[in-house]
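Some notes on the structure that comes next.
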Amino acid sequence: MLYLLSRLVVLAATLLSWGAAPAQTLKVTLLGTGAPIPRFDRFGPSILVQAGPATLLFDCGRGATQRLWQLKIPLGAVQTVFFTHLHSDHVVGFPDLWLTGWLPTPFGGRAVPLQVLGPTGTVAMLAALQQAYAWDLRVRSTQDVPAPSSALAARDITQGVVYEQAGVKVTAFAVAHGEHLQPALGYRVDYAGRSVLLSGDTGFSENLIRFGQGVDVVVHEVAAATQELLQQSETAKQIVSYHTQPEEAGKVFTRIHPRLAVYSHIVLLSTTPNLPPPGAEVLVPRTRTTYAGPLELGEDLMTIEIGERITVTRFPPSGIR
Ligand SMILES: [Zn+2]
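If you want the numbering used here, it's the position in the sequence shown, counting the first as 1, plus 1471.
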C-alpha cells in the first residue's frame, strides 16, 4: 500500500510540473465564468493565475475542481486561494478543492498547508469548515496521508499588497459590491512586467480604475437584464445595482485602457420564469456604446497568455461538456 501511494505521489508531482506556466509569462485561465445558475457550460466564478512558480486561484465557485482536472492540473498544485468576497457562488467549490486536493492521488497531491487569503470573515468561515469536516479530516489522517496536507493557513486581508513571492505580487483593493455586501475585494497580479486585474463582484468602481492604471488585461464581471424585467422587478433592479452593466464596464475599460478587456462572471438576470434572461450576445454590442478597444466575452477554460503578445485560446467546446 505504501509503495502504491509513493508511486501515486511521484505521478502527481509529474503532473504538477505539466501545469506550470512558461517562465516570464503570466497565464490566466477562466475556470468558471458563470453566476449562481447551475448550468454546465458556465461553472461558478473561479480564475487560475499561473505566474512563474506560482499557481494561484481567485475564488473557487462550483466546479473549479472539475475544470482544473480537465486541464490535468492536480488540485494540489494550487498553492494559494484568494477570495474576492464570501458570497456562496464564489466559495462553494472550496471544500472540494481543499479536501480532494490533499488525497495522495494524481488529481490531489498537496503535501503542505493550503494558503487562503480573503476579506474579513474568511478565517472564521474556514474554522467552521474545519469543524464541519472534522470526521473526514480525522479518519483520513493516517501514516500514509500526514495531517499537514489538510491544514489551512488562512488570513483575513484588506486593501494593499497581500502576497509577494518569487517576483509575483498580488495587490487587493476594495470594490463597490453594494453597501450591504462589504467587504468585497478585487485583485491585481503583477509578474515580470506583466499584469492582470480581476474585478471580483462590483458595481462601477473608481477605486478599481485607480488600481487598474497601466494594467495589461482587465477581467471584469458584467450583469445584464432586459428592460422589461427591470421595470417589473425591484429585486432585479437591486441585483443589477450590485454589479456592472455593459455600458458601465465599457467606461471602466475606456478609463483604464488595457491591452485587452475580458468579461467573466457573466450575470444574465431572470428573477421570474415568465421573463427569460437576455442572451450573452447582447453584452458586446452594449459595451461598444462606451468602449472601442479589444474585448473578449469569456468562456470556461479560456486562457489568456500575457507576454509581449496577448494570446487568447478557447477550449474546444466539445471538451467542456
Ligand atoms: Zn457577489
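Glycine included, every Cβ here is placed at the ideal spot set by N, Cα and C. These figures come from a predicted structure and were not determined experimentally.
Just measuring C-alpha positions, the residue of 1725, 1714, 1574, 1594 sitting nearest residue 1608 is 1574. Residue 1652 has its CB nearer than 8 Å to a heavy atom of ligand 1. Looking at the backbone, the Cα of residue 1626 and that of residue 1785 are separated by about 34 Å. Cβ-Cβ separation between residue 1631 and residue 1643: approximately 6 Å, consistent with a contact (criterion under 8 Å). Each of 1649, 1546, 1655 was checked against the Cα of residue 1566, and the nearest Cα belongs to 1546. By the criterion of a C-beta distance shorter than 6 Å, residue 1765 is surrounded in its chain by 1731, once the five residues flanking it on both sides are discounted.
Comparing C-alpha distances from residue 1497 to each of 1687, 1725, 1530, 1759 shows the shortest one belongs to 1687.
Shown here, residue 1708 sits in a helix according to DSSP, grouped into three states.
If you check the CB distance, residue 1524 and residue 1655 do not come in under 9 Å. In the structure shown, the three-state DSSP call for residue 1541 is helix. Of the heavy atoms belonging to ligand 1, at least one sits nearer than 8 Å to the Cβ of residue 1713.
In its chain, beyond the 5 residues on either side, 1642, 1644, 1657, 1659, 1668 have a beta carbon closer than 8 Å to the beta carbon of residue 1682.
Spatial neighbours of residue 1708 in its own chain (CB-CB distance under 6 Å, excluding positions within 5 residues in sequence) are listed in chain order as 1701. Sorted by position in the chain, 1558, 1672 make up the residues whose C-beta lies under 5 Å from a heavy atom of ligand 1. Comparing C-alpha distances from residue 1629 to each of 1690, 1622, 1553 shows the shortest one belongs to 1553. Assignment of beta strand (DSSP E) within the region 1733-1767, counting only whole runs of 3 or more residues, yields no such run. In the three-state reduction of the DSSP assignment, residue 1714 falls in the coil class, being assigned neither a helical nor a strand state. Residue 1703 carries a helical assignment under DSSP once its states are collapsed to helix, strand and coil. Straight through space, the alpha carbons of residue 1515 and residue 1589 are spaced by roughly 17 Å.
Inter-segment contact for the region 1731-1740 and the region 1500-1519 is present: three or more beta-carbon pairs are separated by less than 8 Å. The DSSP-derived three-state label of residue 1659 is strand. Taking each of 1679, 1750, 1779 in turn and checking the Cα distance to residue 1670, the smallest one comes out for 1679. The beta carbon of residue 1690 lies closer than 6 Å to those of 1669, 1733, 1735 in the same chain, with the five residues before and after it left out.
The C-beta distance from residue 1601 to residue 1623 rounds to 7 Å, short enough to fall under 8 Å.
Take the alpha-carbon of residue 1605 and the one of residue 1706: they are about 38 Å apart.
In the DSSP assignment, the residues bridged to residue 1644 are 1657.
In terms of Cβ geometry, residue 1522 and residue 1528 do not form a close pair [threshold 9 Å].
DSSP places residue 1553 in the strand class (E or B) of the three-state scheme.
Between the alpha carbons of residue 1583 and residue 1611 lies a distance of about 15 Å. One Cα belongs to residue 1513, the other to residue 1598, and the distance between them is close to 29 Å. According to the DSSP assignment, residue 1636 belongs to the beta strand (DSSP E) that extends over 1631-1636. According to the DSSP assignment, residue 1601 belongs to the alpha helix (DSSP H) that extends over 1593-1603. Non-local beta-carbon contacts of residue 1761 in its own chain, meaning distances under 7 Å to residues more than five positions away in sequence, involve 1718, 1721, 1722, 1725 in chain order. Under the three-state reduction of DSSP output, residue 1518 falls in the strand class.
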